[in-house]
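Plus 36 on top of the position in the sequence shown (first one is 1) and you've got the numbering used here.
The next block holds one structure in the form of structure tokens; read it before the comments.
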Amino acid sequence: MGFAAGRLFLMLKRYEIAWIGAVVVLAFAVSLVWLEREADRFEHARAKREADYISGMIELETLKVAAASRPDVKMSPQDTDAMDFGDGFWSQHRHALVSGALPGDWIELELPRLEPGRYFLTGFFTRSYDYAVIQIRVNNTLIDRRIDLWSTKIENTGPMKLGMIRISGVRDRIRFDVVERNPENNAKTLKFGVDGIKLKRVQLHSNQQGRGARIHSLMKTPFAITEDDLFVVTD
């Protein structure tokens, strides 16, 4: 009787071990399927993000912060699919969010290395209910245009033509100054969003239709030159 009970006990143990082994194998298989699906989902999202970009855009969230007016003024990437960003389009589904600012604050970013010369600057921005009025400097030269990024809803501005700039090719920087707040903006601290910028290499028109004299007179104030004054624009 004791021998039979022992054999039964060993048999049940084997079944128990086999059952536990089957559960472990099944859990492992399920985990592999889940990981494979997550990897496919991640790869699909990455491919979609890379496909949904504005050609020639310098993504601001990828630039290194060179300096800021205060430690509270910070820049971080923000996923535009994660919040109520409306129906607009943001390159690669994200933008650079600058936060913690007050009027008078600024943040300066390092531009990628470019060939020295003149470039036409176009900006792509985000508007929202707590966003500031900003101005841009490139290599300490102020662009004479204030950009009001306040809005009752989150939206993108689309391309904003800002004018011509000079690039030295060595340690070029772009700076964003928070100059004031819109009267409708009651936020305690200010933010602003920048999707990116485009820089098109240009050569100035010199003698067609009498515009040469106008361009030469504007050389000391290059931001007053518009795309209509340009002879060759290259990507």
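The beta carbon of each residue, even a glycine, is placed where N, CA and C say it ideally should be.
For clarity, every value in this text was computed on a predicted model and none was experimentally measured.
Outcome for residue i when other beta-carbon atoms lying within 10 angstroms are tallied against a minimum of 16
i           : result
residue 111 : buried
residue 197 : exposed
residue 227 : buried
residue 118 : exposed
residue 217 : buried
residue 141 : buried
residue 116 : buried
residue 98  : exposed
Chain-order list of residues whose beta-carbon lies under 6 Å from that of residue i (same chain, five-residue window excluded)
i           : result
residue 144 : 102, 103, 209, 211
residue 162 : 131, 192, 229
residue 100 : 146
residue 171 : 182, 213, 215
residue 91  : none
residue 174 : 201, 210
residue 105 : 141, 142
Beta carbon of residue i nearer than 8 Å to that of residue j
i           : j           : result
residue 193 : residue 165 : no
residue 154 : residue 200 : yes
residue 109 : residue 134 : yes
residue 195 : residue 156 : no
residue 152 : residue 232 : no
residue 113 : residue 214 : no
Simplified DSSP state of residue i, which is helix, strand or coil
i           : result
residue 162 : strand
residue 204 : coil
residue 177 : strand
residue 91  : coil
residue 187 : coil
residue 105 : coil
residue 97  : helix
residue 192 : strand
Pairwise C-alpha distance: residue j and residue i
i           : j           : result
residue 235 : residue 223 : 32 Å
residue 186 : residue 167 : 5 Å
residue 120 : residue 190 : 7 Å
residue 220 : residue 127 : 28 Å
residue 136 : residue 107 : 9 Å
residue 125 : residue 95  : 14 Å
residue 225 : residue 202 : 32 Å
residue 85  : residue 180 : Confidence is the limiting factor: at residue 85 the pLDDT is only 49, short of 50, which leaves the residue's position unreliable and the question unanswerable from this model.
residue 176 : residue 239 : 22 Å
residue 184 : residue 149 : 29 Å
residue 158 : residue 129 : 19 Å
residue 207 : residue 178 : 17 Å
Close beta carbons around residue i, own chain, < 8 Å, minus the five adjacent residues each side
i          : result
residue 93 : 127, 160, 231, 232, 233, 234
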